[in-house]
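*Asks:*
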Amino acid sequence: MSTEQIETTYDAHAMEAKWLPVWEELQPFRADDEAVRTGGKEKRYALTMFPYPSGDLHMGHAEVTALHDVIARYWWLRGFEVMNPMGWDSFGLPAENAAIRNDEHPATYTYGNIDTQAASFKKFGISFDWSRRLHTSDPEYYRWTQWLFLKFAERGLAYQKYSPVNWCPNDQTVLANEQVVDGRCERCGAEVTKRELNQWYFKITDYAQELLDDLDGLASTWPDRVVTAQRNWIGRSEGAHVDFTLHLADGSDRVVTVYTTRPDTLYGATFMVVAADAALAADIVAPERREAFEAYLAQTRKASDIDRMSTERPKTGVDLGVTATNPVSGERVPVWASDYVLADYGTGAIMAVPAHDQRDLDFARAMGLPVRRVIDTGEENPESSGVATTGDGTYVSSGVLDGLTDKKAGIATIVDGLEAEGTGTRAVNFRLRDWLLSRQRYWGCPIPIIHCESCGAVPVPEDQLPVTLPDMRGADLKPKGVSPLATATDWVNVDCPRCGAAAKRDTDTMDTFVDSSWYFLRYCSPNEDTQAFDPELTNAWMPADIYVGGVEHAVLHLLYARFFTKVLADMGLLEVREPFAAQLNQGVVINEGKKMSKSLGNGVSLGEQLAEFGVDAVRLTLVFAGPPEDDIDWADMSPAGSLRFLQRAWRLAGDVTSAVGISADQGDSALRKVTHRTLHEAASLIEAHRFNVVVARTMELVNATRKAIDSGCGGADPAVREAVEAVAILLSLVAPYTAEDMWERLGHTPTVARAGWPEVDESLLVEDVVTCVVQVKGKVRGRLEVSPDISEADLEAAALADPGVQRALDGAEVRKVIVRAPKLVNIVPA
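Note that the sequence shown covers residues 1 to 830 in UniProt numbering.
Here it is, written out as structure tokens:
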């Protein structure tokens with residue numbers, strides 16, 4: 001149904017055209033830094049995850065910002081000084097790939113889309129403080145991204161090393177572990193392989209324990225699944241480092257340390273396995289086994305980590321032709337290379353205990369290696385059953401542990417022995433690996449390093465920052481396995497800042513997650529040109545009081561942002577160590593039960609919805625659809641119904657005839673009670689993020705007000721004005737154009753968004769009567785209006801006397817009466 005068919009007097013698009021320029025002039029949401037710096041007003045920092053500039057806004061943008069805006073506007077109404085900024089995560093692969101497809105420069109594509117999205121956000125009526133707008137691809141921003149990189153390097157937290165890395169063959173760039181999902185690139189879906197490259201890393205592992213510990217303080221305000229995802233990704237385990245002595249083909253020995261969570265099973269370690277792509281394997285392989293090893297290594301590099309870790313995958317490997325001495329038994333065991341061990345797990349080597357680890361057992365059976373049970377769990381011996389036993393039991397064939405049944409004691413005994421012999425120590429290990437940040441693409445923040453043959457990797461002097469991207473218009477930016485920047489010879493070739501010799505710039509760019517790991521700090525002083533951010537202002541605003549965005553960033557962005565915040569705190573630039581005090585994840589907008597897709601023909605255009613129903617109806621529909629974390633199926637939504645409701649609410653303002661500022665004390669008491677109860681409930685509902693229920697309560701208040709007017713109360717009753725003003729204020733959270741227009745019709749000057757939250761009269765929250773439901777054999781047979789403090793005896797008598805109940809009983813004797821005063825009576829006939 002179109003707008004014109006519903007009501008010509010309520011013109012959604014005319015209201016948008018009317019109020020948008022008024023808000024542009026008033027700038028009602030510009031936060032006052034001084035009020036927060038001096039402590040003159042209590043602050044609230046409302047943060048939403050900033051978007052990529054890929055085309056115009058879509059339904060996902062509409063949902064997250066509509067939900068986010070409820071909180072920000074509510075805080076303004078409650079009298080807080082609110083910072084609600086917006087910017088664009090404008091570097092990265094999506095923009096670069098789109099620009100290549102469209103045969104244009106990434107900057108042209110990026111900034112064109114930013115302008116489009118900015119205009120759309122403004123039309124959508126979101127309460128952003130546009131004076132704080134930033135783009136991560138601006139040199140004024142990435143100058144400080146580079147500065148932070150250099151500061152991390154000074155602290156030993158940024159370093160370069162050769163290692164096997166995740167490689168996306170489609171995007172022709174490396175990926176961090178967190179950017180590989182089910183063995184595929186999380187950006188394009190291509191199957192990820194491995195390459196050996198010299199890459200830059202951030203040493204996030206130095207903060208692994210703190211990142212894990214501090215999740216305890218976030219558990220009550222962050223979604224459970226996000227906290228759990230981070231705990232699992234960090235993956236702390238306790239065990240031991242155990243030294244095995246390798247006996248190499250040339251007669252020399254080499255000590256290799258392995259990590260194990262079960263040192264008590266060392267007597268069952270019948271062989272060792274080294275990751276085929278670990279440097280250790282290539283170093284120790286016997287000459288006569290090298291050809292077979294290198295062939296196997298080439299095969300290994302074609303497999304993703306996910307595939308390699310699969311328990312369903314057949315086990316393969318190659319004997320390296322060397323042996324190792326088990327430090328507790330003295331037994332010599334063979335050393336193999338296989339792809340089921342990963343190079344970045346510990347030293348890339350494991351002790352294999354096949355009786356009690358299924359992957360080790362599968363490998364042993366495939367290669368004909370011995371299996372020795374060292375814990376008798378009462379189950380069939382794994383050597384004959386082919387099923388590893390992982391439970392507790394009695395130690396057997398385990399030397400000093402034989403007969404013991406206490407696992408904790410068994411571990412302690414073995415580790416004590418290792419430490420006494422100098423062949424092992426207690427240890428803690430983490431699944432988390434250092435953050436690989438190099439990218440072989442053009443559209444990113446250049447790494448501020450110059451490589452000199454004499455001096456090595458030399459930081460670009462701070463007074464030469466930013467290292468800006470060369471324009472490269474007309475150049476071929478298609479991915480080729482090395483950064484396109486390598487072809488910009490005038491940019492690449494420079495003098496070494498230390499010795500003056502000929503040198504070359506680093507041609508990789510940074511992962512865009514580096515840009516987004518500190519943008520929320522830059523918002524606090526976005527125009528600062530002498531430092532990354534003003535510490536005084538940042539400490540006044542931080543942490544963000546709410547962070548709204550998708551759960552897909554549960555590990556990636558949120559973990560990196562937490563890491564950055566902790567490092568900056570250690571640098572003395574921040575007082576907080578956690579960036580986001582609370583987090584809210586929104587669901588996704590689907591259609592007809594499926595993710596929106598052009599190929600499925602179920603896409604929904606935000607622009608078309610706005611053109612047909614208007615901004616307010618779409619916003620209201622999104623907020624009213626259900627709890628924020630639930631998915632929204634647009635096929636089940638009714639923006640036309642939302643539009644009809646907004647029309648009814650808007651008409652109320654035209655019915656009010658009482659004067660502005662008139663006291664409602666003498667107004668209709670029943671309507672006043674509904675108004676004040678609605679406001680009272682709305683506050684607690686918003687703070688609990690039950691925004692859809694707030695909309696439902698607002699609808700009930702509109703209905704109650706219309707009923708009061710039509711039943712003779714009339715528009716002159718001050719209680720009607722009070723109710724309609726409350727409706728306008730509540731609607732300003734979700735339907736700002738309608739609310740603003742109502743506010744003007746009620747005789748007020750703009751803007752309703754800064755009108756303040758109405759004071760609730762506590763005396764009007766006391767219920768005079770409540771509705772008691774009376775059931776007979778579980779079926780509702782009557783409803784009684786009773787006093788809230790009615791006694792159980794009086795309520796029982798009233799229920800039994802109700803005509804509907806009498807008819808239901810039809811003369812039958814009453815066996816039991818269950819009374820839950822004042823709201824329920826259940827009568828059980830004989």
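Beta carbons: idealized from backbone N, C-alpha and C, even for Gly.
Here the structure is a predicted model, which is why all the values come from computation and not from measurement.
Check the C-beta distance from Tyr259 over to Ala427 and give it rounded, since I have them as a contact under 8 Å.
*Replies:* As a working note, residue 259 is residue 259 in the sequence shown. As a working note, residue 427 is residue 427 in the sequence shown. Rounded, the Cβ-Cβ distance is 6 Å, consistent with contact.
*Asks:* Is Ile71 helix, strand or coil by DSSP?
*Replies:* Taking the first residue of the sequence shown as position 1, residue 71 is located at position 71. Ile71 falls in the helix class under three-state DSSP.
*Asks:* Can Met705 and Leu731 be called in contact, C-beta distance under 8 Å?
*Replies:* Locating residue 705 in the sequence shown gives position 705, counting from the first residue. Locating residue 731 in the sequence shown gives position 731, counting from the first residue. Residue identity check: residue 705 is Thr in the sequence provided, not Met. Their beta carbons are not under 8 Å apart, which means Thr705 does not touch Leu731 by this criterion.
*Asks:* Tell me which residue opens and which closes the beta strand (DSSP E) that Arg290 is part of.
*Replies:* One-based indexing of the sequence shown puts residue 290 at position 290. Premise fails: Arg290 lies in the alpha helix (DSSP H), Arg290 to Thr300, not in any beta strand (DSSP E).
*Asks:* Measure the CB-CB distance between Met86 and Phe29 and report whether it falls below 8 Å.
*Replies:* In the sequence shown, counting from the first residue as 1, residue 86 sits at position 86. In the sequence shown, counting from the first residue as 1, residue 29 sits at position 29. No, these two residues do not count as a Cβ contact at 8 Å.
*Asks:* State the CB to CB distance for the pair Leu437 and Gln230, rounded to an integer number of angstroms; the pair is presumed to be in contact (CB under 8 Å).
*Replies:* Looking up residue 437 in the sequence shown gives position 437. Looking up residue 230 in the sequence shown gives position 230. Rounded, the Cβ-Cβ distance is 19 Å, inconsistent with contact.
*Asks:* Would you mind listing the alpha helix (DSSP H) stretches within the UniProt domain "Methionyl/Leucyl tRNA synthetase" (48 to 192) that are 4+ residues and don't spill past its ends, in chain order?
*Replies:* Counting only runs of 4 or more, we get 59 to 77, 93 to 101, 106 to 123 and 139 to 154.
*Asks:* Roughly how many angstroms separate the alpha carbons of Thr489 and Pro470, rounded to a whole number?
*Replies:* As a first step, residue 489 must be located in the sequence shown, where it is residue number 489. As a first step, residue 470 must be located in the sequence shown, where it is residue number 470. About 10 Å.
*Asks:* Among Asn826, Ala276 and Glu63, which one has its Cα closest to the Cα of residue 840?
*Replies:* Because the chain spans 1 through 830 in this model, residue 840 falls outside it and cannot be assessed.
*Asks:* Just verifying my parser: in three-state terms, what is the DSSP assignment at Lys407?
*Replies:* Locating residue 407 in the sequence shown gives position 407, where the first residue counts as 1. Note: Lys407 maps to helix in three-state DSSP.
*Asks:* For Val36 and Tyr201, what's the separation of their Cα atoms in angstroms?
*Replies:* For this step, residue 36 is matched to residue 36 along the sequence shown. For this step, residue 201 is matched to residue 201 along the sequence shown. Each residue's alpha carbon lies about 37 Å from the other.
*Asks:* What is the residue span of the beta strand (DSSP E) that Asp495 lies within?
*Replies:* As a first step, residue 495 is located in the sequence shown; it is residue number 495 there, counting from the start. Note, Asp495: beta strand (DSSP E), Asn493 to Asp495.
*Asks:* Which value, in whole angstroms, describes the spacing of the CA atoms of Gly667 and Pro53?
*Replies:* The residue labelled residue 667 in the question sits at position 667 within the sequence shown. The residue labelled residue 53 in the question sits at position 53 within the sequence shown. If I take the Cα positions, the gap works out to 52 Å.
*Asks:* Short of 6 Å in beta carbon distance, which residues of its chain neighbour Ser237, apart from the five on each side in sequence? Order them along the chain.
*Replies:* Taking the sequence shown and counting its residues from 1, the one referred to as residue 237 is at position 237. The answer, listed in chain order, is Thr261 and Asn429.
*Asks:* Assign Cys499 to buried or exposed, taking buried as 16 or more other Cβ atoms, counted over all protein chains shown, within 10 Å of its Cβ.
*Replies:* Within the sequence shown, the letter at position 499 stands for residue 499. With fewer than 16 other Cβ atoms within 10 Å, it is exposed.
*Asks:* Identify every run of the beta strand (DSSP E) within the stretch 425 to 474, keeping only runs that are complete inside it and at least 3 residues long; order them along the chain.
*Replies:* Fully enclosed beta strand (DSSP E) runs of 3 or longer: 449 to 452 and 456 to 459.
*Asks:* Would you be able to state if there are at least three C-beta pairs under 8 Å between the stretch 761 to 777 and the stretch 707 to 720?
*Replies:* No, because fewer than three Cβ pairs between the stretch 707 to 720 and the stretch 761 to 777 fall closer than 8 Å, the two stretches do not touch.
*Asks:* Could you give the DSSP three-state label for Arg225: helix, strand or coil?
*Replies:* Numbered from 1 along the sequence shown, position 225 holds the residue referred to as residue 225. If DSSP states are grouped into helix, strand and coil, Arg225 belongs with the helices.
*Asks:* Given a cut-off of 8 Å, decide if Ala98 and Tyr111 are closer than it, judged by their beta-carbon atoms.
*Replies:* The residue given as residue 111 occupies position 111 in the sequence shown. The residue given as residue 98 occupies position 98 in the sequence shown. Result no, Cβ atoms of Tyr111 and Ala98 do not sit closer than 8 Å.
*Asks:* Can you give the beta carbon distance from Val623 to Pro639, rounded, assuming they're within the 8 Å contact cut?
*Replies:* Taking the sequence shown and counting its residues from 1, the one referred to as residue 623 is at position 623. Taking the sequence shown and counting its residues from 1, the one referred to as residue 639 is at position 639. So it is not a contact: roughly 12 Å between Cβ atoms.
*Asks:* When you compare only the Cα positions, how much space is there between Thr8 and Ala17?
*Replies:* Start at 1 with the first residue of the sequence shown, and residue 8 comes out as number 8. Start at 1 with the first residue of the sequence shown, and residue 17 comes out as number 17. Only weak support is given to the placement of Thr8: the predicted model assigns it a pLDDT of 49, under 50, and the value that follows is read from those uncertain coordinates. Thr8 and Ala17: Cα-Cα distance of roughly 16 Å.
*Asks:* Below 7 Å CB to CB, which residues in the same chain sit around Lys478 once its five sequence neighbours on both sides are set aside?
*Replies:* The sequence position of residue 478 within the sequence shown is 478, counting from 1. Here the set comprises Ile100.
*Asks:* Determine the contact status of Ile447 and Thr512, defining contact as a CB-CB distance below 8 Å.
*Replies:* On the sequence shown, residue 447 is found 447 positions in, with the first residue counted as 1. On the sequence shown, residue 512 is found 512 positions in, with the first residue counted as 1. Contact: no.
*Asks:* May I ask which residues mark the beginning and end of the alpha helix (DSSP H) holding Pro21?
*Replies:* Here residue 21 refers to the residue found at position 21 of the sequence shown. From DSSP, the alpha helix (DSSP H) with Pro21 extends over Ala12 to Leu26.
*Asks:* Whose C-beta lies closer than 6 Å to the C-beta of Asp506 among residues of the same chain, with five residues either side of it excluded?
*Replies:* Position 506 of the sequence shown holds residue 506. Cβ within range, chain order: Ile447 and Ile449.
*Asks:* For Arg473, which option in Val467, Leu485 and Glu462 has the closest C-alpha, if you only look at C-alpha atoms?
*Replies:* Numbered from its first residue, the sequence shown carries residue 473 at position 473. Nearest C-alpha to Arg473: Leu485.
*Asks:* Return the residue from the list Gly422, Thr394 and Arg78 that minimises the CA-CA distance to Asp410.
*Replies:* Indexing the sequence shown from 1 puts residue 410 at position 410. According to the sequence shown, residue 410 is Gly rather than Asp. Gly410 has its Cα closest to that of Thr394, out of Gly422, Thr394 and Arg78.
*Asks:* Could you compute how far the alpha carbon of Ala66 sits from the alpha carbon of Val567?
*Replies:* By 1-based counting over the sequence shown, the position of residue 66 is 66. By 1-based counting over the sequence shown, the position of residue 567 is 567. Each residue's alpha carbon lies about 33 Å from the other.
*Asks:* Which residues in the same chain as Ser252 place their Cβ atom closer than 7 Å to its Cβ, once the five residues preceding and following it in sequence are excluded?
*Replies:* As a position in the sequence shown, residue 252 is number 252, starting the count at 1. No residues qualify anywhere along the chain.
*Asks:* For Glu536 and Leu521, I'd like the C-alpha separation in whole angstroms.
*Replies:* Counting from 1 along the sequence shown, the entry for residue 536 is found at position 536. Counting from 1 along the sequence shown, the entry for residue 521 is found at position 521. Cα to Cα, Glu536 sits roughly 11 Å from Leu521.
*Asks:* Does the beta-carbon distance from Ala726 to Leu685 come in below 8 Å?
*Replies:* Taking the first residue of the sequence shown as position 1, residue 726 is located at position 726. Taking the first residue of the sequence shown as position 1, residue 685 is located at position 685. Cβ distance not < 8 Å, so Ala726 and Leu685 don't count as in contact.
*Asks:* Looking at the unbroken alpha helix (DSSP H) that takes in Gln583, where does it start and where does it end?
*Replies:* The sequence position of residue 583 within the sequence shown is 583, counting from 1. Segment Gln583 to Asn585 is the beta strand (DSSP E) holding Gln583; no alpha helix (DSSP H) there.
*Asks:* Which whole-angstrom value is the C-beta distance of Lys43 and Ala797, which I expect to be below 8 Å?
*Replies:* Position 43 of the sequence shown, counted from the first residue, corresponds to residue 43. Position 797 of the sequence shown, counted from the first residue, corresponds to residue 797. Not really, about 57 Å apart at Cβ, beyond 8 Å.
*Asks:* Could you check where the alpha helix (DSSP H) with Tyr560 kicks off and where it finishes?
*Replies:* As a first step, residue 560 must be located in the sequence shown, where it is residue number 560. It spans Leu556 to Asp570 - the alpha helix (DSSP H) in which Tyr560 sits, taken as one unbroken run.
*Asks:* In this structure, how does DSSP classify Gly549 when only helix, strand and coil are distinguished?
*Replies:* The count along the sequence shown starts at 1 and reaches residue 549 at position 549. Correct three-state label for Gly549: strand.
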